[in-house]
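Numbering (the working numbering), first residue to last: 67 to 394.
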């Protein structure tokens with residue numbers, strides 16, 4: 067028993083120590099509570115995105131309005147991309163036109179603590195549970211990127227988390243995993259239609275902050291040849307900026323799904339339909355080209371249940387899940 071315990075301790079020490087290099091003093095100054103002795107990655111994989119800690123401010127006390135009050139009730143906004151979230155009797159809508167400028171919204175849905183995240187450089191919109199280790203975490207932006215993806219931190223322990231996966235990278239919770247909540251990335255119209263079918267008045271994220279909401283600071287990013295600030299290898303035989311639908315342990319290019327409209331894999335059903343603008347095309351999001359929207363569901367008995375998925379780029383999937391074969 068003593069031998070087995072020592073082996074376990076040795077493996078743990080090797081796991082953390084082999085990945086560590088000298089901690090940049092600026093990081094320690096900005097994140098005094100972060101335990102940098104615990105890391106699952108090499109610090110050299112991390113680059114600055116430009117802004118400092120919380121330079122891209124999360125929304126911590128979100129305000130919601132009806133459709134009419136948000137002034138989105140116009141046909142030119144119908145194709146706008148939004149993250150929609152439905153739980154029990156509450157339906158919330160988070161426009162990418164707002165998430166683009168904040169990347170994180172700490173919120174609740176039907177009293178359930180969640181954080182809604184969006185990384186423009188990977189086009190990853192993911193919702194996580196905030197209750198972790200019996201503590202409700204509040205998330206912010208570190209100002210750092212890894213493989214061009216947002217690194218978040220929680221304000222309780224200042225652990226650094228990878229947004230793409232929800233895995234703890236550095237700090238108290240290094241090596242641990244946040245739970246992901248099923249959500250949809252869809253057009254505003256599709257989201258409103260779904261709420262109407264459910265007979266629920268949707269709540270739409272609104273803000274009076276002084277930001278260029280509705281504008282895309284990454285114009286033509288999703289038609290560029292290579293990702294911004296990407297540090298890593300890429301060896302797939304599809305373009306790194308190809309849109310990919312990633313769910314469970316599967317991935318399909320958006321173009322392949324668009325050609326087929328519906329794909330059934332195992333007990334998953336993946337559907338594509340037109341009507342959602344790219345958030346990363348034109349300087350004005352509502353004028354972006356129509357890339358369509360995706361629904362990913364799983365068969366459970368006679369029901370179809372939404373499951374977590376993300377519409378991302380091939381380079382991001384290759385960086386974080388190189389084990390997955392992309393169908394194209």
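We treat Cβ as the ideally placed atom computed from N, Cα and C, and that holds for glycine.
- Assignment of residue 184 by DSSP, reduced to helix, strand and coil, places it in the strand class.
- CA-CA distance, residue 167 to residue 120, rounds to 12 Å.
- Annotation: residue 111 to residue 137 spans about 42 Å, alpha carbon to alpha carbon.
- Around the beta carbon of residue 300, a 10 Å sphere encloses fewer than 16 other beta carbons of the protein chains shown; the residue is thus reported as exposed.
- A direct Cα-Cα distance of roughly 23 Å separates residue 273 from residue 195.
- Here residue 229 carries a coil assignment [DSSP, helix/strand/coil].
- Judged by DSSP in its simplified three-state form, residue 242 adopts coil rather than helix or strand.
- Classified as buried, residue 213 has 16 or more neighbouring CB atoms from the shown chains inside 10 Å of its CB.
- In chain order, 179 place their CB closer than 6 Å to the CB of residue 197, counting only its own chain and leaving out the 5 sequence neighbours on each side.
- Leaving aside the five residues that flank residue 187 on each side, the residues in its chain whose CB is nearer than 6 Å to its CB run, in chain order, 214 and 294.
- Residues of the same chain with a CB within less than 7 Å of the CB of residue 115, apart from the 5 flanking positions on each side, are 209, 210, 211 and 295 in chain order.
- Taking 8 Å as the cut-off, the Cβ atoms of residue 150 and residue 267 do not count as close.
- If you compare the alpha carbons of 315, 184 and 371 with that of residue 125, the shortest gap goes to 184.
- For residue 339, the CB contacts under 7 Å within the same chain, skipping 5 residues up- and downstream, are 358 and 359 in chain order.
- DSSP, read as helix, strand or coil, puts residue 222 in coil.
- A straight-line Cα-Cα distance of about 20 Å links residue 321 and residue 388.
- Taken in chain order, the unbroken stretches of beta strand (DSSP E) that lie wholly in the segment 106-177 and span 3 residues or more are 112-114, 129-131, 147-153, 156-161 and 170-175.
- In the DSSP assignment, residue 319 is bridged to 310.
- Annotation: the segment 334-390 contains the following complete segments of the beta strand (DSSP E) (minimum length 3 residues), in chain order: 334-339, 359-366, 369-372 and 375-379.
- One alpha carbon belongs to residue 318, the other to residue 270, and they sit about 30 Å apart.
- Using a 10 angstroms sphere on the CB of residue 171, the tally of other CB atoms reaches 16 or more, which defines it as buried.
- Here DSSP, grouped into helix, strand and coil, assigns residue 258 to helix.
- Here residue 282 is buried: its Cβ has 16 or more other Cβ atoms, across all protein chains shown, within 10 Å.
- By the Cβ rule, the segment 340-349 counts as touching the segment 145-159, because three or more pairs are nearer than 8 Å.
- Boundaries of the beta strand (DSSP E) harbouring residue 252: 250-253, taken from the DSSP string.
- Here residue 201 is not near residue 193, since their CB atoms are 8 Å or more apart.
- The closest CA to that of residue 323, considering only 218, 315 and 335, is found on 335.
- As the crow flies, the alpha-carbon of residue 375 is around 7 Å from that of residue 314.
- Excluding residues up to 5 positions away in sequence, 292, 293, 300, 379, 380 and 381 lie with their Cβ nearer than 7 Å to the Cβ of residue 306 in the same chain.
- Taken through DSSP and simplified to helix, strand or coil, residue 289 comes out as helix.
- Fewer than three beta-carbon pairs drawn from the segment 348-355 and the segment 323-333 are found closer than 8 Å, and the two stretches are therefore not classed as touching.
- When beta bridges are read from the DSSP output, residue 216 appears opposite 211.
- The C-beta separation of residue 285 from residue 372 comes to about 31 Å, leaving the pair out of contact by the 8 Å criterion.
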